[in-house]
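Counting from 27, one number per residue, gives the positions in the sequence shown under our numbering.
Structure first, then comments.
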Amino acid sequence: MAFHYAQYVDKLAQTARSIHPIPLYVNAAMNSRGRKPGEYPSAGPLAHLIDIWHCGAPHIDLLAPDLYDKGFVDWVAQYKLPNNPLFIPEIKRSMNNSVQALYVFAEHDAIGFSPFSIEDGSDSPQDPLVQGYGLMKELMPVITSNQGKGVMNGLFFDAQNKERVLQYDGVKLTCRHYFTLPWDPRATDGSIWPEGGGVVLRLSKDEFLIAGNGIVVEFEKADVHSQTINTKLGEDGFAYQGGDHAQQDTSWKGESRVGIGTVDEVSIQADGSFQYVRRLNGDQTHQGRHVRISVGEFKILHVKLYEYK
């Protein structure tokens, strides 16, 4: 059925292109919630039918998902293919749309992202969608100029997916949801974990751009002998809770390590240049242990590392 439907759409596409020579796409609702074929539009360009659609509709330039259910990260990955750029023409409007958009632009080189009925949302400067899209507008010059270069990744976290480890030429970044910080009571008091995430961009060997909402990033050498920490640390850098168990192994094998040299909050101009807003230090960087952007905030951080023994 899917092949014949694709062939029919392809004939329409040929006619349309003879009138307007523009790119054409077809999108489809996903087969989620355990529904069987016939209980959803089961012949459309679904992830498991992409090859059939490419065969049956060669005049369609790209196939796209409509996203309204869980599994965002898994769905978008299935539509980013060498012969199918990722375009999301429809997704459920929510307070987390900007985090989702940042993720797909940075992780999958997406070419478009459109929440359904976004024009009906709030215009308040405090609205998360307004703040997030403002941040995205600033980031676009650096995102678009670095797509496809292998120096950029997206982050996307929730209560089930709290951590991701990235590596760039020997530098290891451990990225986590903001609620993993031991001193934030929302991690354990039953609060809903909002989706957090954003963009990690390596600018040079020792220079990174971290942007988004609700994320924490630590830096270390990928091949270094990691310290074994047997206790959680509070915001002041000392043991979060005292007692005989509050110990940590500071053994060192003589390897070089990386530390956080400077962390600056920046804004990005239309030409891609940075305008420095303020320098962060002390408790703001956990005494140089990490960089973080709180839940409810949308920021861009420029991080410079240094190497030491």
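A virtual CB, placed ideally from N, CA and C, is assigned to each residue, including glycine.
To which residues of the same chain is R119 closer than 7 Å at the C-beta, ignoring the five residues directly before and after it? P141, F142, S143, I144, G147
Presumed contact (8 Å Cβ cut-off) between G224 and N239, rounded CB distance: 6 Å
Exposure of S2, with buried meaning 16 or more beta-carbon neighbours within 10 Å: Since the first and last residues shown for the chain are 27 and 335, residue 2 lies out of range.
Local conformation of N187 per DSSP, three classes: coil
Determine the contact status of Q193 and A132, defining contact as a CB-CB distance below 8 Å. Taking 8 Å as the Cβ cut-off, Q193 and A132 do not qualify as a contacting pair.
How many angstroms separate the CA atom of G308 from the CA atom of V317? Here the C-alpha atom of G308 lies approximately 11 Å from the C-alpha atom of V317.
When you compare each of S282, H328, L227 to F300 by their alpha carbons, which one comes out closest? Out of S282, H328, L227, H328 has the C-alpha closest to the C-alpha of F300.
The region 31 to 44 touching the region 76 to 84, judged by at least three CB pairs closer than 8 Å: yes
Within the continuous beta strand (DSSP E) that includes K247, where are the two ends? 241 to 247
Would you list, in sequence order, the uninterrupted beta strand (DSSP E) runs of no fewer than 3 residues that lie entirely inside the region 33 to 87? Listed in chain order, the complete beta strand (DSSP E) runs (minimum 3 residues) inside the region 33 to 87 are 51 to 55.
Could you compute how far the alpha carbon of H46 sits from the alpha carbon of T200? When rounded, the separation of the alpha-carbon atoms in H46 and T200 is 48 Å.
Between which two residues does the beta strand (DSSP E) carrying Q301 extend? 300 to 306
Hey, quick one: how far does the beta strand (DSSP E) through N290 stretch, first residue to last? Note on identity: in this sequence residue 290 is Asp, with Asn being the wrong assignment. That run of the beta strand (DSSP E) goes 283 to 294.
Could you tell me which of R305, W209, E281, I286 sits nearest to V292, measuring between CA atoms? Comparing Cα-Cα distances from V292 to each of R305, W209, E281, I286, the minimum goes to R305.
Give the DSSP-derived three-state secondary structure of D92 in the structure shown. strand
Pull up the distance between the alpha-carbon of S322 and that of I236, whole angstroms please. This sequence places Gly at residue 322; Ser is not what is there. Their backbone Cα atoms lie some 16 Å apart in a straight line.
Buried versus exposed, by CB contacts within 10 Å (16 or more), V226: buried
If you compare alpha carbons, which of M121, D77, H74, H134 is closest to V99? The option with the nearest alpha carbon to V99 is H134.
Helix, strand or coil at N110 according to DSSP, with G and I counted as helix: strand
Given 8 Å as the limit, is there contact between the region 151 to 171 and the region 203 to 215, that is, 3 or more CB pairs closer than that? no
What three-state label does DSSP hand R119 in the structure shown? coil
Comparing alpha-carbon positions, which option in R228, V177, Q310 lies nearest V242? Q310
Using the three-state DSSP reduction, which class does S124 fall into: helix, strand or coil? helix
With DSSP run on the structure shown, which of helix, strand or coil describes F182? strand
First and last residue of the beta strand (DSSP E) that includes K335? First-last for K335: undefined, no H or E at that position.
How many angstroms separate the CA atom of Y302 from the CA atom of L161? 15 Å
Could you tell me how far apart the beta carbons of A54 and L72 are, in whole angstroms, since I believe they sit closer than 8 Å? 6 Å
Suppose contacts are defined by Cβ-Cβ distances below 8 Å. Is R190 in contact with E244 by that definition? no
Shortest alpha-carbon distance to E246 belongs to which of K279, I286, S230, R228? I286
On the DSSP bridge list, what partners appear for H328? H328 is bridged by DSSP to L235, D290.
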